[in-house]
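Numbering (the UniProt record's numbering), first residue to last: 1 to 189.
Heads up, the beta-carbon is just placed ideally off N, CA and C, and yes, glycines get one too.
Following: one structure in structure tokens, then a few remarks.
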Amino acid sequence: MRVAIFASGTGSNFEAIADNQRLQQAGLEIVQLVCDRPQAAVIEKAHRREVPVTVLVPRQFENRQAYEQAIVTQLAPLAIDYIILAGYMQIITPVLLGTYPQRIINIHPALLPDFPGIHGIEDAYRAKVSETGVTVHYIDEGVDTGPIIAQATVPVKSNDTLATLEARVHAVEHQLYPAVIYDLIQKNN
């Protein structure tokens, strides 16, 4: 299965996917990293793994549609099966959605539909819920509203700080996302 991974930051989910032996043995091929931030740490992680990198900065385009059309043009010759969003901090528009319908997946650090948006872990922590978790879902035109593929819970402990909760949520992300991608590979073989 040929994928492009989109990321904006440190790339911990990129690493969890790229370094997963089971995914490699199942036939996962990361053919492109798309990044929207030229200084993002994920770029170096992709270079170390010999994954081609495309950096496109949204503000350098006339609008969101032009930005995403440039991405579509870049990906077109690569025969991408899926786009995997791994900490990509842009909202996907109909340009990409129309080109890759039901083939863009995202990971969110909360149990959707609760705590959508950029601060899922912090919002759950501040709400003092007894558990939060991780959701992998298909992308649609809303923010974290697409059909849910899988979820895993993370208990919120009474002695948790935001940092300890974040660490546990990220550890679950690094397990759940590769497992979901593995299942997608099996369904598409």
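query	result
Using DSSP with H/G/I as helix, E/B as strand and the rest coil, what is N188?	helix
What are the start and end residues of the beta strand (DSSP E) that includes P155?	I148 to P155
Can you round the beta-carbon distance between V42 and A4 to whole angstroms, since I take them to be within the 8 angstroms contact cut?	Actually they do not touch by this definition, with Cβ atoms about 13 angstroms apart.
Measuring only the C-alpha atoms, how far is T132 from Y88?	21 angstroms
For my contact list, T93 and Q74 are in at a C-beta cut-off of 8 angstroms; report their separation, rounded to the angstrom.	T93 to Q74, Cβ: 16 angstroms. No contact.
Do V14 and L85 have their C-beta atoms closer together than 8 angstroms?	In the sequence under discussion, the amino acid at residue 14 is Phe, which differs from the Val named in the question. Taking 8 angstroms as the Cβ cut-off, F14 and L85 do not qualify as a contacting pair.
Is it buried or exposed, N188, if we count other Cβ atoms within 10 angstroms and call 16 or more buried?	exposed
Might you give, ordered along the chain, the residues of its own chain that have their beta carbon closer than 6 angstroms to the beta carbon of P116, omitting 5 neighbours on each side?	V143 and D144
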